[in-house]
Amino acid sequence: MPSISRRALLSAAGAGAASLALTGCMAGEGSGTGVANSDSTGRIRLDYATYNPLSLIIRKRGWLERAAEPKEQSVEWVRSTGSNTANQALRAAAIDIGSTAGSAALLARANGSPIRVIDLCSQPEWAALVRRPDSPLREVADLRGASVAVTKGTDPYFLLLQALGEAGLSASDVTVQNLQHADGRTALDTGQVDAWSGLDPIMATAEEDGDVLFYRNLSFNTYGFLNAREEFLQQNGAGAQLVVDVYAYARRWALENPEEAVGLFAEEAGISLPVARSVWDRTHLDIDHVPGAEQVGVLEGVGPILVDSGDVPSQEDVDAALERIVEKKYAEAADPDAVAAAIEGD
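With mature numbering (1 follows the signal peptide of the UniProt record, and there is no 0) as the guide, the letters of the sequence shown map in order to residues -27 to -1, 1 to 319.
Structure follows, in C-alpha cells:
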C-alpha cells in the first residue's frame, strides 16, 4: 500500500474531527451534563480511533456486532480523533465506552466526569516530541522560549509537561498552541510552531516524511484505557462485558496474526504498511489487560502535574478520582473463548 500524502492524511483527520462535533463540553472546561439519549439498555455505543489499533480491527471485522446479535444488543460506532474528543463524547453521553490515554481518563474523572476504566487496550509509546529535520532543537532544554503544538487533555500534553519538568522547565517557559493532533503536525511542518508533541499514527507518518522524534520516554506515556460511563455500567453491564470479551479476543488474535493485523490497521487508518509497522511496534498488546495498582501508580505520578498546570483544581480531586477510577471486574471476567465460539462458528 503506498504511503498516504501529508495533505490526504490531514484532510482525513479533519473530516473525522468534524464527524464528532458535539454540544457537550470537554472535561475540565465546564460542568455540563450529558446531552444525548443516555438510555443504553440493549445498546452499545463505543468509539474507534487510529490511536487504538484494536478498535479499528474489531470494527472492520464486525466481531462485536456478530457477538452482540444473539444477545440482542445493538452496536453503534463513533470516531474519536484524540483522548480529548473521546472524553468529550463520554461526558456528553454520546458514547458509552471510549478509548483514551490513562492520563486523560484521570483528567476527566478528576474534573467530575463519571467514568471508570474497565479494560486496558495496550501499553503504547504513542507520544513523543517532534521537530522538523532542519530545526536546531536537539533536547528538551532547547524548548525554552519556543512554541509547541499539542492537544490538551491527551498523553502528548502530559508527556510535554513531564519532559519540561525533567529538564527544569515548566509550561510557562514555552508557548503552548492547543491544536488537535493533525493540526499540530500541520503547524509544525508549515513553520507555525517550533515543535509538536505528537501522537501515532500521525506522528509515525511525520517521521517517515522526515520529521525527527527528538525526545521519547515510554514511562511518560500512560496506558491505553477503555473507559465506560458509570450510568452505562448500571444500565447495561452485560454490554460492557461483551465489549471487554471482544477486546480480549481481538488482542489474542492480533498477537497470533501480527502481519494480518498490521495490514488491517494500515488499511483502516489510511497509512502505509511501514508506518503501520512502526506504530504496531510501539503498541504493546502483550500485557495484563486487567486495570489495577500498576496503572493507578502511574497516574499518581501524573496527578500533581494536573494540579500544577491548573487542569485539575486540587490534589484532593485527583485523590478522589484515583480511588474510583478502576473497575476491574469486567477485565477479570473476560472470556475470549466465548467470543470465538460465537463468531468463528458463523
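Where is the CB? At the ideal position from N, CA and C, for every residue including glycine.
Since we're looking at a predicted model, the values are computed, not measured.
As the crow flies, the alpha-carbon of Y222 is around 11 Å from that of A315. For I70, the enclosing beta strand (DSSP E) covers residues I70 to A74.
In the displayed model, A140 falls within coil according to three-state DSSP, outside both helix and strand. An exposed status is given to G183, since fewer than 16 other beta-carbon atoms sit within 10 Å of its beta-carbon.
Here D259 carries a coil assignment [DSSP, helix/strand/coil].
Counting along the chain, A168 sits inside the beta strand (DSSP E) bounded by residues A168 to L172. Annotation for R297: no residue places its beta carbon closer than 6 Å to its own, counting only its chain and skipping 5 residues before and after. Sixteen is the threshold: when 16 or more other Cβ atoms of the shown chains lie within 10 Å of the Cβ of E98, as they do, the residue is buried. Pairing P309 with I30, the inter-Cα distance amounts to about 15 Å.
Here the C-alpha atom of F205 lies approximately 46 Å from the C-alpha atom of L110. The straight-line gap separating the alpha-carbon atoms of L116 and E42 is approximately 53 Å. In the three-state DSSP reduction, E49 falls in the strand class (E or B). Nearest to Q153 by alpha-carbon distance, out of D173, S143 and V147, is D173.
Around the beta-carbon of P106, fewer than 16 other beta-carbon atoms lie within 10 Å, marking it exposed. The C-alpha of R16 lies about 30 Å from the C-alpha of V269. Distance between E180 and A168, taken at the CA atoms: about 13 Å. If you draw a 10 Å sphere on the C-beta of S56, you find 16 or more other C-beta atoms in it, and that means buried. If you compare the alpha carbons of S53, G212 and E273 with that of L80, the shortest gap goes to E273. A213 has no beta-bridge partner at all, per DSSP.
Listed in chain order, the non-local C-beta contacts of V123 below 8 Å within the same chain comprise P129, Y130, L133, V149, Q150, N151, L152, G157, W169 and S170, local neighbours out to five positions each way being set aside.
T148 sits in a strand when the DSSP states are folded into three classes.
DSSP lists V48 as the bridge partner or partners of I17.
Taking a cut-off of 8 Å for Cβ pairs, the stretch 88 to 96 and the stretch 188 to 202 touch, as three or more such pairs fall below it.
Its Cα nearest to that of E45, the residue S13 stands out among A65, E241 and S13. Take the alpha-carbon of I260 and the one of S95: they are about 7 Å apart.
Taking every protein chain shown into account, the CB of D218 has 16 or more other CB atoms within 10 angstroms, so this residue is buried. Residue environment: T163 is assigned as exposed (fewer than 16 neighbouring CB atoms within 10 Å of its CB, all protein chains considered).
Judged by DSSP secondary structure, N57 falls within the alpha helix (DSSP H) whose first and last residues are S56 to R64.
Take the alpha-carbon of F238 and the one of P26: they are about 6 Å apart.
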